[in-house]
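Okay, structure first, notes after.
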Amino acid sequence: MTRLIVTLLLAISFPAYAAPVLRWAADPDSNAPYTFYSSNKTLTGFEYEIINAVARRIGREPVFIQNDWNGLIPGLHRGLYDCVICGLEITPEKADEVNFSIPYYFTFEQFVDRKGGPELKSLNELRGQNVGTLDQTAALRMLEETPGVIVKTYDQEISAYQDIVNGRLSGVLLDYPIAKYYAAPNPALQLTGPPFGQVSYGIATETNSRLTGEIDTALRSLIQSGELRDILSRWGLWTDRVAEALNQPAQPSAPDIQYQSFVSNITPQKSFWSYVNRYAGAWRLLRQAALLTLAISVVSMGVAMFVGLILVVLRLFAPFPLRWLATGYIEIIRGTPLLIQLLFIFYGLPHVGIRLSPFLAGVAGLGLNYAASEAENYRAGLLSVPNGQWQAALALGLSRAKALRLIIVPQAIRLVLPPLTNDFIALLKDSSLVSALTLVELTGAYNRLATQTFDYFGAGLLIALIYLLLGLPFVRIARWVEKGASAGRISGRGFNQ
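The opening residue of the sequence shown carries number 2 in the working numbering; numbering runs sequentially from there.
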């Protein structure tokens, strides 16, 4: 009995001794060699190894949280995670927003153009040309400061380099590690020109966070022990510039096995069955993404239908102030972009003390947006019922509420169902926007697959097919409900009772 009691006490007290977590964020889509998903669908990358080594040294359990590149710093301010490590360049502008650790990597900007092009000597030679880069980068600032350059910004590195091949860009200016991994293996591209500028990466934390000091101590330990050199060497990123900045030997301490593995994995597939095997391995990711897409869409549509019903009742039957408020809500929501509404709910509302999980924020944004459309659908259906139906119902002694419920609404349902179905299909597709709220639904899965395999065509067809399969059953159900709700229907051969 004593042994049992001791065992139970140990089991109860065990969580108190569990290591605290280190919630770190990155954008793994098209993000080699920093943090990305490998061909076997597991996280990897030199920053992934660095943050895990840092977590070990400060006695924390690393927990990864995915976010879109443009949402990394806002997510940090929102408290979604403790730190960000995603090739963040240490600049005065960013240092005003966050705390930066000591640098763990030093590099430069590398220009890439089509194979066989002239050697670039200065950025001034790019005047009048279309040049691509990523948003919020040192490369973007350099290009904007060069007179006459037509700058095109991209969300993903691979898309920018592909546009060189497609003839849309004259070249791309990005950090050297990006060029080494995404451009150097491409036989149609070449790295050209001298190194431009000086770039250093740091781990970002909140400005009032004491975590920065712990991370700095861990990074110094990684540098002094040689572990950082080992990590960068395996990824082919140990350069003379890094060695000089860190006061380390110039020679790599290990073969670049991770770089060679990456290059071999991005070799184009040559057979049909190789494509089948590739995407069969992504079944679990696609299943989870499809279920999340479906859950968000169904719940959001339920919210939209309920709120839309309240709005139409207020607009048609409420006193003037409430009617005006309902009309104003509908016009404002329909007149502003859905993505802005989602970002406002997720990143803006926390400033006034309202914090929603990514799922609830997505449901709220989609549901409240589509509620305005559903209110207009309901209004059109109700107003399409002849006024004589109202008069007849009232003449029979029915109240307005009973007339609405028993006479008007049943006739309006058949007219409302088709646009309601169309709105659900549209909402299903618009759910792709919640990927901006750290959720990995079908569009997020598409980005991950395409950047892992460099096959935007095949991955796009597969994701489009899944969207189609998700939507078709609801179209059939809506048609069945529409027939059941109708006392009669008009077919292609005329009116049937």
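Every residue, glycine too, gets a C-beta built ideally from N, C-alpha and C. Nothing here was measured: the structure is a model prediction, and the numbers come from that model.
Alpha carbon to alpha carbon, how far is residue j from residue i? Give it in angstroms, no decimals.
| i | j | result |
| --- | --- | --- |
| residue 73 | residue 128 | 32 Å |
| residue 388 | residue 407 | 15 Å |
| residue 214 | residue 55 | 12 Å |
| residue 23 | residue 65 | 8 Å |
| residue 478 | residue 302 | 15 Å |
| residue 264 | residue 38 | 14 Å |
| residue 432 | residue 420 | 18 Å |
| residue 323 | residue 317 | 10 Å |
| residue 20 | residue 142 | 41 Å |
| residue 366 | residue 159 | 30 Å |
| residue 474 | residue 106 | 51 Å |
| residue 410 | residue 384 | 10 Å |
| residue 401 | residue 423 | 30 Å |
| residue 183 | residue 53 | 24 Å |
| residue 236 | residue 102 | 22 Å |
| residue 469 | residue 392 | 45 Å |
| residue 313 | residue 43 | 49 Å |
| residue 364 | residue 463 | 25 Å |
| residue 139 | residue 89 | 10 Å |
| residue 250 | residue 338 | 53 Å |
| residue 327 | residue 458 | 44 Å |
| residue 386 | residue 379 | 11 Å |
Beta-carbon within less than 6 Å of residue i's beta-carbon, same chain only, minus the 5 sequence neighbours each way: which residues are those?
| i | result |
| --- | --- |
| residue 36 | 27, 29, 46, 48 and 49 |
| residue 209 | none |
| residue 437 | 69 |
| residue 390 | 408 |
| residue 340 | 434 |
| residue 359 | 438, 439 and 440 |
| residue 9 | Per-residue confidence for residue 9 stands at a pLDDT of 37, beneath the threshold of 50, marking its modelled position as unreliable; no derived number is given. |
| residue 157 | 31 |
| residue 286 | 446 |
| residue 229 | 223 |
Return the residue from the list the options that minimises the CA-CA distance to residue i.
| i | options | result |
| --- | --- | --- |
| residue 25 | 163, 62, 188 and 41 | 62 |
| residue 58 | 220, 419, 338 and 152 | 220 |
| residue 41 | 284, 186, 125 and 417 | 284 |
| residue 238 | 248, 177 and 247 | 177 |
| residue 124 | 197, 378, 134 and 235 | 197 |
| residue 112 | 156, 161 and 180 | 180 |
| residue 248 | 236, 312, 149 and 227 | 227 |
| residue 108 | 60, 203 and 325 | 203 |
| residue 98 | 360, 205 and 351 | 205 |
| residue 362 | 292, 377 and 345 | 345 |
| residue 296 | 368, 333, 244 and 236 | 368 |
| residue 371 | 160, 149, 309 and 351 | 309 |
| residue 334 | 376, 137, 144 and 132 | 376 |
| residue 92 | 382, 199, 403 and 243 | 199 |
| residue 163 | 140, 150, 147 and 133 | 133 |
| residue 329 | 298, 373, 245 and 122 | 373 |
| residue 104 | 192, 201, 311 and 261 | 201 |
| residue 381 | 412, 354, 122 and 254 | 412 |
With a threshold of 16 other CB atoms inside 10 Å of the CB of residue i, please say whether the residue is buried or exposed.
| i | result |
| --- | --- |
| residue 315 | buried |
| residue 100 | buried |
| residue 234 | buried |
| residue 481 | exposed |
| residue 456 | buried |
| residue 241 | exposed |
| residue 216 | buried |
| residue 305 | buried |
| residue 34 | buried |
| residue 51 | buried |
| residue 476 | exposed |
| residue 417 | buried |
| residue 396 | exposed |
| residue 347 | buried |
| residue 96 | exposed |
So residue i and residue j are supposed to be a Cβ contact under 8 Å. How far apart are they, rounded?
| i | j | result |
| --- | --- | --- |
| residue 212 | residue 87 | About 16 Å separates the two Cβ atoms, so there is no contact after all. |
| residue 154 | residue 170 | So it is not a contact: roughly 11 Å between Cβ atoms. |
| residue 144 | residue 174 | 6 Å |
| residue 151 | residue 137 | That belief does not hold up - the Cβ atoms of residue 151 and residue 137 are roughly 19 Å apart, past 8 Å. |
| residue 193 | residue 118 | 7 Å |
| residue 231 | residue 254 | 5 Å |
CB-CB under 7 Å to residue i, same chain, minus the five flanking residues each way: which ones, in chain order?
| i | result |
| --- | --- |
| residue 460 | 447, 450, 451 and 454 |
| residue 492 | For residue 492, the pLDDT reaches just 39, beneath the cut-off of 50, and the residue's location in the model is therefore unreliable, although a value from the coordinates is still provided. No residues qualify anywhere along the chain. |
| residue 351 | 79 |
| residue 291 | 443, 467 and 471 |
| residue 394 | 404 and 408 |
Between residue i and the rest of its own chain, which residues show a CB-CB distance below 8 Å, the 5 nearest in sequence each way excluded?
| i | result |
| --- | --- |
| residue 166 | 115, 187, 189 and 190 |
| residue 12 | Confidence at residue 12 is low in this model, with a pLDDT of 40, below 50, so the placement of that residue is unreliable and no value is reported for it. |
Taking 7 Å as the cut-off, is the beta-carbon of residue i closer than that to any non-hydrogen atom of the ligand NAP?
| i | result |
| --- | --- |
| residue 176 | For the ligand NAP, the structure offers nothing, since it holds no ligand at all. |
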